[in-house]
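Each number in the working numbering comes from the position in the sequence shown (counting from 1) with 39 added on. Notes for the one structure printed next.
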Amino acid sequence: MTDGLLPHEAPPADRRDPAPTPMRVPLAFHGGAAGALAPFAVFLAGVCALALAGAPDERGFWPVLLAALVAGLLLTRDRARYAEAMLDGMSQRLVAVMLCAWLFAGVLGAVLAQAGLVRAIAWGARALELGGAAYIAAAFLACTVVSTATGTSFGTILVAGPLLYPAGAAAGAHPAALAGAILAGATWGDSMSPVSDTTIASSGTQEADLGGTVRARLKYAVPAGLAALLASAMLGARDAAPSLAQRAGALLDRAAE
Numbered sequence: 040m041t042d043g044l045l046p047h048e049a050p051p052a053d054r055r056d057p058a059p060t061p062m063r064v065p066l067a068f069h070g071g072a073a074g075a076l077a078p079f080a081v082f083l084a085g086v087c088a089l090a091l092a093g094a095p096d097e098r099g100f101w102p103v104l105l106a107a108l109v110a111g112l113l114l115t116r117d118r119a120r121y122a123e124a125m126l127d128g129m130s131q132r133l134v135a136v137m138l139c140a141w142l143f144a145g146v147l148g149a150v151l152a153q154a155g156l157v158r159a160i161a162w163g164a165r166a167l168e169l170g171g172a173a174y175i176a177a178a179f180l181a182c183t184v185v186s187t188a189t190g191t192s193f194g195t196i197l198v199a200g201p202l203l204y205p206a207g208a209a210a211g212a213h214p215a216a217l218a219g220a221i222l223a224g225a226t227w228g229d230s231m232s233p234v235s236d237t238t239i240a241s242s243g244t245q246e247a248d249l250g251g252t253v254r255a256r257l258k259y260a261v262p263a264g265l266a267a268l269l270a271s272a273m274l275g276a277r278d279a280a281p282s283l284a285q286r287a288g289a290l291l292d293r294a295a296e
């Protein structure tokens with residue numbers, strides 16, 4: 040026996056309390072909460088101004104992001120900690136995964152565009168002489184396929200919109216219903232794509248399985264997608280304008296000659 044312990048008993052583990060976790064003091068900004076929200080206000084105002092002015096692509100938003108970061112740097116009381124927090128955020132693994140997914144989605148979208156997938160879908164719909172409602176449904180399904188494969192709704196709209204929309208006018212589809220179907224299909228596929236940056240961000244920040252996240256969304260996304268599909272098709276069938284379709288078809292035939 041040693042120190043009152045039997046031979047078969049192990050000595051007690053160290054029962055000292057663990058060292059307390061140091062408290063991180065939040066960053067303080069000049070002006071309090073208003074100063075902390077100022078960088079977000081700068082970014083939101085700049086993005087909205089560029090969008091309303093018709094910015095050609097998202098690269099025009101980069102200077103706005105830089106201006107917002109500089110505004111935060113000028114307003115914070117501890118610039119060293121602000122810079123450290125900014126670098127820590129940009130070096131997170133989730134950010135790198137999202138950038139890779141966005142890069143690969145752009146490559147795949149460019150390949151599909153050059154391969155003529157959307158053009159072939161538009162040609163097939165016209166060759167089958169689909170009516171207004173049927174064409175709207177086909178456009179919705181085509182956009183869901185493209186956006187699910189690429190993981191980007193914005194890229195799908197840029198690729199599919201210029202091809203599906205004019206052909207839909209020739210098929211007798213109502214312009215507003217067709218535009219809604221294209222937007223709805225692109226958004227639906229983006230929300231269900233496993234390579235979408237939003238899907239990766241939502242599952243990564245909540246430490247959830249990526250496949251489980253997609254499966255969990257099905258019970259919400261499928262009814263919403265069916266409702267959008269039926270609503271667009273019904274509006275297209277009810278509000279189809281034959282005169283507009285005839286004029287659009289004549290313009291396309293004249294351009295082909």
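Glycine included, every Cβ here is placed at the ideal spot set by N, Cα and C.
CA-to-CA distance, residue j to residue i, given in whole angstroms
i	j	result
residue 235	residue 181	17 Å
residue 242	residue 210	41 Å
residue 65	residue 118	13 Å
residue 280	residue 204	Since pLDDT at residue 280 reaches only 46, below the 50 mark, its modelled position is unreliable, and the value read off the structure follows with that caveat. Between residue 280 and residue 204, the C-alpha separation is close to 15 Å.
residue 126	residue 212	50 Å
residue 72	residue 191	34 Å
residue 219	residue 257	21 Å
residue 217	residue 263	17 Å
residue 285	residue 154	Here residue 285 scores only 49 on pLDDT, less than 50, and its place in the model is too uncertain to base an answer on.
residue 122	residue 166	59 Å
residue 70	residue 193	37 Å
residue 163	residue 149	21 Å
residue 255	residue 227	14 Å
residue 158	residue 177	13 Å
residue 221	residue 90	20 Å
residue 113	residue 199	43 Å
Range covered by the alpha helix (DSSP H) that runs through residue i
i	result
residue 120	118-129
residue 212	Note, residue 212: premise wrong, no alpha helix (DSSP H); not H, not E.
residue 184	171-189
residue 243	236-244
DSSP bridge partner residues for residue i (one or two, in chain order)
i	result
residue 68	115
Identity of the residue in the options nearest residue i by Cα
i	options	result
residue 266	100, 223, 237	223
residue 101	188, 83, 199	83
residue 77	99, 115, 91, 92	115
residue 207	225, 168, 196	168
residue 253	136, 268, 232	232
residue 244	110, 128, 183	128
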